[in-house]
Every structure is written in C-alpha cells, then in structure tokens.
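Input: a single structure, listed below in structure tokens.
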Amino acid sequence: MLGLMQDWPLLCHKILDYAAAQHSRREIVSRSVEGPIVRTTYGDIHARAKRVAQALDRDGFGLGDRIGTLGWNTARHMEAWYGIMGVGGVYHTLNPRLFPDQIAWIMNHAEDKALFVDLSFMPIVEAIADKVPSLKQIIVMTDAEHMPSSKLDLVCFEDWIAQGDGDFAWAQVDENTASGMCYTSGTTGDPKGVVYSHRSNVLHAMLASLPDALGMSCNEVIMPVVPMFHANAWGIAMSAPMTGAKVVNPGAAMDGASIYELLDSEKVTFTAAVPTVWLMLLGYLEETGKELPHLKRVVIGGSACPRAMLEKFQNNYDVEVVHAWGMTEMSPLGSLGSLKPEYNHLKGAQRLDIQEKQGYAPFGVEMKVTDDEDKAMPWDGKTFGRLKVRGPAIAKGYYGGAGAEQFDEDNWFDTGDVAHIDEFGYMQITDRAKDVIKSGGEWISTIDLENLAVGHPDVEEAAVIGIAHPKWDERPLLICIRKQGKDPSKEDILGYMEGKIAKWWMPDDVAFVDEIPHTATGKIQKTELRKQFADHVLPTV
Ligand code: ADP
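The opening position of the sequence shown corresponds to residue 686 in our numbering, with each subsequent residue numbered one higher.
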C-alpha cells in the first residue's frame, strides 16, 4: 500500500520560492567586490535568479550543463547558483586559492561550459581561459561601469540579466538530478568531484537548520565567512533562505577589522568559519579592546578548533562555540558539538573537554569507527579507528568513478579520518589517516599535540609531523610559529606540554618557523612540511 501524499520533488529552487513567498523583505547584505556594502532581499534575489536562469536558457545552457563559479560570498553569487540550478544546470564552485593550472584541470574534468567570475579573479581566468576548450561563455559578476578590459570575450552580469524580464519557469527535473559540484582539494592525488543532487541539497539544508545543528531561524542574522567555494559555505546559501535568516556576506575581506565591522554594524548573531579566520578576529579584538555584544554563536570547523579558541570566545566574549566536522563529500555537515542534556550541566574544564570533540551526528548522518578489517569499534571515547559515514546527503561515488575504494557495498564512505566515539555519540577526530604518527606500533594523534601546543601563550600556530626513527619507526616533531615579539624556547614549550599528555606522546623535538604552509581550504599542508623537514634528524636518534 502506498501513502496518499503529494509527490512534491525536493528541488533547490523551491527553497528560494519559499524565501520569496514568506521572507521576501529579509535583507541579504554583501560587502561587494567593487567595495561598497550592498543591501538586497530574498525577494530581489529570487527575481534576479529568475533572470539569470532566463539568460542562461536564452544562451543555450540547460539540463546537466556544468557551470563554474569563481566568486566570494555575495548576493550575485547566490543568484548565479539558483539561476544555474533553475535551468537544470549544475553549479560548480571553484576554489580560487588553488593554482590556476589546478583550476583548469578541474574545469576540464567537469567540462564546464560557462563561468561566473568575480572581478578579483580575472587574472586567473585570463591565465586559463584558452586551456579549457569546453568553456563557451564568461560572465563577470559586476555592472557595466566596473567591467574590466580584457582580450577575452566577456559578458557583463548586470547587462546580461537586464535583457530579460524574469518571466521564467524553473526547470522541472527529477529530484535526483545533479544540482551542484565541488572538487576535494586533492592533497593526495588528483582532486575528486563530488556531485550533489537537488534532493541531497534540500535534505542537507533541512538537517543543517535543526536547532541542535546550525540552529537557523528567521530571527537570526547569519554571516557565513566560510566561502561558498569551500564545501558549499557549509550549506548556508540553502539553509538560510529555507529558514528566512538574514544573511551578511563578507565578500573578499576576511581580515579581523573587516569581519568585525560587519559583525558589529549588522548585529550578526551567528557566524561560521575555519579556525584561521577566528585567529585573525581574536587578534584584532585583543589589539583594539573591542567586544562582541551581538554575537551569540560561532560555528568552527574545517580543522580542529583549538581549546584556547573555545576558551577565548566563551570566557572573554560570551560567545558560544559550536565545533563542527564535515567534508565536501558530506554536503558538508557530519557532526556538531551542541551539548546534549547528558553533558549540558558540565562546567569549566570538563565542558571544554566535550566541546573540543567534533560533536555528534544530526539526523541524516550515520557513523561508525572501524579497524582495518572493517570491524566496528566500541563507542567508549577512546578506541579509535577509521571513521565511516552514510546518509542521504553523503556521496556514493566521485564524478567519473575515481576513489571507488572509499565506498563499500552498504554505502559506508571511508572519510580518511581517524576518530573515536563516546557513549553519548560524541565523535573526536584524532587525525587524518595519512598524518597519524605510528610510534612503536601505537598511534599518536597529531591534532591532540597541535591543540595542546597552541595553548602555550607564546605560540601562534603549531603543526606536528612524524619523523623517521630507527627504533620507533616514527616520532613526533613539533613545528611552531612564535607569537610576534615572543621568544619561547624548545624547553619552555615542552615543559608546558609535560604532564598534559602521555609521556610517550611528547614530541622528540621542536622546530621554529616563520610560516606554516596551508592548503586552499585553510588546512595545514603536512605533505609540504614533510618535504621541508625530510632531512631533519631528531636529537633522540
Ligand atoms: P578539502 O579536503 O577539500 O580540504 P574538506 O573541507 O571537505 O575539504 O575537508 C574535510 C576534512 O577536513 C575532514 O575529513 C577532516 O579531516 C577535516 N576537518 C573538518 N572539520 C574538522 C574538525 N572540526 N576537526 C578536525 N578536522 C576537521
């Protein structure tokens, strides 16, 4: 017997239709690439996304066409996404922090037919346009006044959408039709394409909005600092219109002063970004003595949130931190650290111990940790293994069939992370499988060591890698950047760490550097560090 309910396909443009119907006047504020702060509404974005769709359709783009976007978080970028999906096309976010050749490789792999680009990224486009034979049209997300001069044949976004009247019916497609694409950064081998569907995006927006997940609401003012090109801005470009939340887009400016300016002037209540962004903001607040009276909640993910950062936000600024974990392959949210009643009574250090974990899975994400033989490990908060996940907004394969070994027949996806899960479901990442240090047959978590080291008041940033050791196979080397004007010694730092971790986890050596390399999504680039320190000889050898 079948249910007698309506067949209402889960299509992304229904999200924007809803926002326009119910939250039409809610503002979307963007720091524009041209400079000024621009104010628009869900009503406007809906009308203009229709014009984007109409223009794409007129120019011959439609079902299944991959259309790249190289843009900051702005209203125009949102209009481009919804316009592309509205003709049945596939928005394909490109990360401008990658090398131009990598971007060209990714565009060729996806066979992007058109590209929306921000003015800031014109040099990239100039460098790669003739290397992407599938590319037919380049639309610059600006107005006539700001159009750059170029050898390339460029389309001006504002003039282009002004040619239509916006009277356009969204493409009616099956909910499993592809809606978006995003490539992983490819720290091991070539980048791999993740392909979202309308259904997965809608379901992800719903699970992300839940009160104990991102807790989206039309009474919140949300600033996604995490870029749309980094794992879909953690879904906020869809969960915000789904709930009618006001959005404040930071555009290209992510330094402490610019972020603070918008947090303050727009009275942002909730924001999300990777730890590096928050380091800059906290540095700015400390220098200027400014405060965060409006901000209630900050979601931190992409890399482990250091304990010192949790403490600063919560103790000095009265802002609750929600630590989150996820991946491009998971749309991206996988777990969030809101506190269940089992933990909510905890105070001080005990509360921080739980908040340092990456949290528990929301509805729609199943998780387990296994050993190398795929045997599930107990949820005891200490036995760690490979973290595997499955769910309706999690990839079941990569575009073109790469990486098939990461998926099994029951749809479990091997995340490549190493983690443990406690009795209440709180997961803690201890490492990337490829970064974990194997010392005498036992594993040492580099993330734990890094988090501890950055708790030292004179350490700006820390990274730990394994260095070959004749007796133990590998031993940890701690690499630190000193805080400006500070000069801690190796002994100071090791002294600080001593007693806080097992003795055999203590780094064998400390190296000081001026810079630690990062990937295009802000993670420490350990492959690069391993090359840099390939000849390092530990004093314990
Ligand atoms: P990319 O691999 O392209 O950089 P992702 O942002 O999808 O992009 O990276 C996902 C990985 O980031 C996860 O598998 C995990 O290793 C790491 N990660 C994400 N959030 C956290 C977190 N809160 N703590 C530790 N690691 C994290």
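Idealized CB from N, CA, C, for every residue including glycine.
Query: Here's the rule I'm using: 16 or more other beta-carbon atoms within 10 Å means buried, otherwise exposed. How should R743 be labelled?; Result: exposed
Query: Among the candidates M832, P1224 and R751, whose CA atom is the shortest distance from the CA of V817?; Result: R751
Query: Around the C-beta of C903, are 16 or more other C-beta atoms found within 10 angstroms, so that it is buried, or is it exposed?; Result: exposed
Query: For A938, I'd like the list of residues in its chain whose CB is within less than 8 Å of its CB, leaving aside the five on either flank, ordered along the chain.; Result: R716 and I944
Query: Between D1102 and the ligand ADP, is the CB less than 7 Å from at least one heavy atom?; Result: yes
Query: Classify K1216 as helix, strand or coil using the three-state DSSP reduction.; Result: helix
Query: Rounded to whole angstroms, how far is the Cβ of V962 from the Cβ of S988, which I believe are closer than 8 Å?; Result: So it is not a contact: roughly 11 Å between Cβ atoms.
Query: Just list the residues that DSSP pairs V880 with in beta bridges.; Result: M866
Query: Check whether the Cβ of C990 sits closer than 7 Å to any heavy atom of the ligand ADP, and report yes or no.; Result: yes
Query: To the nearest angstrom, how far is the alpha carbon of D653 from that of A1147?; Result: The requested residue 653 does not occur in the structure, where the chain is confined to residues 686 to 1226.
Query: Tell me whether the beta-carbon of V911 lies closer than 8 Å to the beta-carbon of V933.; Result: no
Query: Per the DSSP calculation, H1105 is bridged to which residue(s)?; Result: Q1113
Query: Can you tell me whether V953 is helix, strand or coil according to DSSP?; Result: coil
Query: Could you spell out the range, first to last residue, of the beta strand (DSSP E) harbouring D1158?; Result: D1158 to R1167
Query: Under a Cβ-count criterion, where at least 16 other Cβ atoms within 10 Å of its own Cβ denotes burial, should E1014 be classed as buried or exposed?; Result: buried
Query: Distance, Cα to Cα, L895 vs G771?; Result: 26 Å
Query: Please report the Cβ distance between N917 and S1016, rounded to the nearest whole angstrom; I am assuming they are in contact, meaning their Cβ atoms lie under 8 Å.; Result: 7 Å
Query: Quick check: the Cα distance between E1159 and N780, rounded to an integer number of angstroms?; Result: 34 Å
Query: Is the beta carbon of Q1043 sitting closer than 8 Å to the one on H1008?; Result: yes
Query: Pick out whichever of I1150, M1052, E1127 and V858 has its Cα sitting closest to the Cα of D692.; Result: V858
Query: In this structure, does DSSP put G1070 in helix, strand or coil?; Result: strand
Query: To which residues does DSSP link Q822 through a beta bridge?; Result: A799
Query: So, helix, strand or coil for I1263, using DSSP?; Result: No answer is possible for residue 1263: it lies beyond the span of the chain, which begins at 686 and ends at 1226.
Query: Relative to the ligand ADP, is the shortest distance from any of its heavy atoms to the C-beta of G1011 smaller than 7 Å?; Result: yes
Query: Tell me, please, which residues DSSP counts as bridged to L1018.; Result: G1011
Query: Looking at the secondary structure, which residues open and close the alpha helix (DSSP H) in which I809 lies?; Result: M807 to I813
Query: Look at the Cβ atom of Y1083, then the Cβ atom of K1208, and state whether they are nearer than 8 Å.; Result: no
Query: In three-state terms, what does DSSP make of V1054?; Result: strand
Query: Could you work out which residue in A993, V714 and H915 is closest to E1135 when comparing CA atoms only?; Result: A993
Query: K633 by DSSP, collapsed to three states: which one?; Result: With the chain running from 686 to 1226 in the structure shown, residue 633 is simply not present.
Query: Select from A1196, A1187, A1153 and P1192 the residue whose C-alpha is nearest the C-alpha of R1167.; Result: A1196
Query: Contact defined as beta carbons within less than 8 Å: I believe M901 pairs with A922. What is the distance between those atoms, to the nearest angstrom?; Result: With 8 Å as the limit, M901 and A922 do not qualify as a contact, their Cβ atoms being about 12 Å apart.
Query: Check the C-beta distance from G773 over to G747 and give it rounded, since I have them as a contact under 8 Å.; Result: 6 Å
Query: Quick check: what's the CA-CA separation for R782 versus A1219?; Result: 26 Å
Query: Measuring only from the beta carbon, is S924 closer than 7 Å to any heavy atom that is part of the ligand ADP?; Result: no
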